[in-house]
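Trainee:
Number of protein chains: 2
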Amino acid sequence: MAGTNHRRPAVTGGPAIILVEPQLGENIGTTARAMLNCGLDDLRLVRPRDGWPSDKAIAAASGADTVLQKARLYPSVATAITGLIHVYAATTRDRGMVRREVTPRHAAAEMRAWLASGEACGVLIGPERTGLVNDDVALADTVLTVPLNPAFSSLNLAQAVLIIGYEWFVSGAAAPPEILHRGGSRRASKQELLNFFNHLEEELEENGFLRNRDSRPSMVRNLRSLFQRAQCTEQELRTLHGVITSFAGQRERRPRTKTFDSLRSLKPGKMLGLVDRADDE
Amino acid sequence: MAGTNHRRPAVTGGPAIILVEPQLGENIGTTARAMLNCGLDDLRLVRPRDGWPSDKAIAAASGADTVLQKARLYPSVATAITGLIHVYAATTRDRGMVRREVTPRHAAAEMRAWLASGEACGVLIGPERTGLVNDDVALADTVLTVPLNPAFSSLNLAQAVLIIGYEWFVSGAAAPPEILHRGGSRRASKQELLNFFNHLEEELEENGFLRNRDSRPSMVRNLRSLFQRAQCTEQELRTLHGVITSFAGQRERRPRTKTFDSLRSLKPGKMLGLVDRADDE
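Right, here's the structure in full:
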């Protein structure tokens, strides 16, 4: 998905991501990218196998260089977690240890609260092939496990960090679950919608579509319901006015009003796809 | 994170993932892996740039071959969405179109409900460099946008699919937000805990740590509170009994009970890290 907006300030802060003995520079780079995606910038590296700094990491970071430049190198997990108050170990289920285990969502909510009160947090992530050893897990308060397909739950470093970071980001984002973009227009007022109903129904009256007096009330209700549900913008209603007028213009014109021609020769309900059943004329 | 469990059945089903003109075979492979991580297996490819099938896709799928083998090829977005009822377009914010936009979490909840009532769903994902074109977005009901750092929101294909799929998976998973692993032991009963309190306090009484009658009640309460909070297992309590006995064994022994030696020469509160303030003897 394209879409980085360089005009908006980067969101940074949040828990430290601590990669323990990462093997490939590429994975450190993609981890840095995933971190910046999620507004994280405290990357700590414990004994990266292929050394540090890493050109491969920079190439793979796709522009998240700031995270790599700030990354700090440590000789051990114990030194990397110095200064933290809460440490999670990202790992898969049950190691036979007595250990609290949480989901990324729960961890995110906890970390929000802790960081807000000044208590630094971090997440340990083990080497690509093996994951964390039990002695590293024992240095963490809590195991963090991503709920995934139990038959295929292996994630690479960057993907594990992306999910943990994503939950961190959305736990603090005020993004509403659903919004309606209006493309620069505004939502139509009820008066504008009623004007449109009047136009549509007047034309359908004129062309005989609503001639059946018994079915007419429910037909009108159904049409109105559809256009209510569409949450039209003011611009869209103007377009719809034009559509009706254009249908009317195709038929033999007989002057009735300046704007609204009659639609006698068409089956507009069918053409507009508004009704299941269109009367034949 | 290592941890695929081949003994457990794969979770499959869920919405179709429709890659529109994906450029790199590798990205199709990593997308398949992310799909299987999340229990998704309906992959649809619209005009993959480098052809299909793809050895690079297989190499990058890290074992998610089943998803690649089932993948279907389509000449257009329109043909790829045939048979679907609900289509999301994964894209970044506002294209100047009038369009409903939802988060991955909201989409997951919607799709759960729709799929449960037999209404097939799919998600369109555009090419790596450009994302979906507006004409493709116009074929979708709804825009699906991953909330991310607005200054750095670009995701690769597999990562976009991973987050969408992760939300899908967790929306149907009964994973509790927090569990406590017990390493094969069971949670200690209150009787066992009280026995431990008795042992500890008896020794602390014996060695003089609790000799201050004024502070004793709160000291005992604080110690008990700490061990309550630790939610000890039966095995751990046995270990703690042993720890106390071992402290007692370091001192000049004087026979008192068979199991519990006295702790007169130590400051056990300090040594065990149990209290903030240890009395000097």
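If you read the sequences in order, they're chains B and D.
Just so we're aligned, residue 58 is where the first sequence starts under the numbering used here, counting upward by one.
Just so we're aligned, residue 58 is where the second sequence starts under the numbering used here, counting upward by one.
Even for Gly, the Cβ is constructed at its ideal location relative to N, Cα and C.
Computed from a prediction, not measured in an experiment: that's the story for all the values here.
1. Give a yes or no on contact between the region 253-270 of chain B and the region 190-204 of chain B, applying the rule of three or more CB pairs nearer than 8 Å.
2. By Cβ distance, which residues of its chain are closer than 8 Å to E185/D, with the 5 residues on each side in sequence left out?
3. Got a sec? Which residues, its chain only, sit under 7 Å from G330/B by beta carbon, not counting five neighbours each side?
4. Could you check whether the Cβ of N255/D sits closer than 6 Å to any heavy atom belonging to the ligand HEM?
5. Tell me the DSSP secondary structure of A147/D in three-state form.
6. What does DSSP give as the partner residues of I75/B in its beta bridges?
7. Give a yes or no on whether 7 Å exceeds the smallest Cβ distance from A163/B to chain D.
8. Should V155/D and T148/B be called a contact, given that it needs their Cβ atoms to be closer than 7 Å?
9. Could you compute how far the alpha carbon of R101/D sits from the alpha carbon of H238/B?
10. Name, please, each residue of chain B whose Cβ falls closer than 9 Å to the Cβ of L34/D.
11. Please list, in chain order, the chain D residues whose beta carbon lies closer than 7 Å to that of N84/B.
12. Going by DSSP, what residues sit across from T199/D in a beta bridge?
13. Return the first residue and the last residue of the beta strand (DSSP E) that I138/D is part of.
14. Restricting to Cα atoms, I'd like to know which of G229/B, R90/B and D99/B is closest to V180/B.
15. From G183/B, V200/B, A91/B and P233/B, pick the residue whose C-alpha is nearest to that of V159/D; which is it?
16. Determine the chain B residues that contact L125/D at a beta-carbon separation under 7 Å, and present them in chain order.
17. Report the three-state DSSP secondary structure of E235/B (helix, strand or coil).
18. Kindly identify the DSSP beta-bridge partner or partners of Y223/B.
19. In chain D, what lies closer than 7 Å to G241/B by C-beta?
20. Use the C-beta contact count for D193/B: other C-beta atoms within 10 angstroms, 16 or more gives buried, fewer gives exposed.
21. Give a yes or no on whether 7 Å exceeds the smallest Cβ distance from I115/D to chain B.
22. For the region 204-231 of chain D, which residues have a CB atom closer than 7 Å to at least one CB atom of chain E, in sequence order?
23. Under 7 Å between C-beta atoms, does P234/D make it to chain B?
24. Does the beta-carbon distance from M92/B to G222/B come in below 7 Å?
25. Spell out whether any CB of chain D is found under 7 Å from the CB atom of T290/B.
26. Does the Cβ of A139/D have 16 or more other Cβ atoms within 10 Å, making it buried, or fewer, making it exposed?
27. Assign G86/D to one of two classes, buried (16 or more other C-beta atoms within 10 Å of its C-beta) or exposed (fewer than that).
28. Nearest by alpha-carbon distance to S282/B: which of K247/B, R268/B and V300/B is it?
29. Using a Cβ cut-off of 7 Å, pull out every chain D residue sitting near R78/B, in sequence order please.
30. In whole angstroms, what separates the C-alpha of T136/D from that of L97/D?
31. Cβ of G153/B within 7 Å of Cβ of G71/D?
32. Looking only at C-alpha atoms, which of A114/B, I220/B, E235/B and S119/B sits nearest to H163/B?
33. With R129/B as the anchor, note down where its alpha helix (DSSP H) starts and where it stops.
34. Could you pull out every unbroken alpha helix (DSSP H) segment of at least 4 residues lying fully inside the region 246-298 of chain B, listed in chain order?
35. Return the CA-CA distance between A287/D and Y145/B, expressed in angstroms with no decimal places.
Mentor: Working from what's here:
1. no
2. Contacts found: P79, Q80, L81, N84, N213 and L214.
3. Low local confidence applies: a pLDDT of 35 at G330/B is under 50, so the model's placement there is unreliable, with the coordinate-based value given in what follows. No residues qualify anywhere along the chain.
4. This structure lacks the ligand HEM, and indeed carries no ligand of any kind.
5. strand
6. R101/B and L181/B
7. Residue identity check: residue 163/B is His in the sequence provided, not Ala. True, the Cβ-Cβ gap to chain D drops below 7 Å.
8. no
9. If you draw a straight line from the Cα of R101/D to the Cα of H238/B, it comes to about 28 Å.
10. Because chain D spans 58 through 338 in this model, residue 34/D falls outside it and cannot be assessed.
11. Chain D residues near N84/B: none, gap ~12 Å exceeds 7 Å.
12. Y145/D and R157/D
13. Looking at the DSSP string, I138/D is not in any beta strand (DSSP E), and its letter there is neither H nor E.
14. D99/B
15. P233/B
16. Those within 7 Å of L125/D in chain B number zero; the least Cβ separation is about 13 Å.
17. strand
18. Partner(s): none; Y223/B has no beta bridge.
19. The answer, in chain order, is G153.
20. buried
21. no
22. This model lacks chain E altogether, as its protein chains are B and D.
23. yes
24. yes
25. yes
26. Here residue 139/D turns out to be Thr, not Ala, going by the sequence shown. With fewer than 16 Cβ atoms within 10 Å of its Cβ, T139/D is classed as exposed.
27. Looking at its Cβ environment, which holds 16 or more other Cβ atoms inside 10 Å, G86/D is buried.
28. K247/B
29. Checking the sequence, you will find Glu at residue 78/B rather than Arg. Simply none; closest approach about 13 Å.
30. 20 Å
31. no
32. I220/B
33. Looking at the DSSP string, R129/B is not in any alpha helix (DSSP H); the run it does join, the beta strand (DSSP E), is R129 to Y131.
34. 247-263 and 273-286
35. 17 Å
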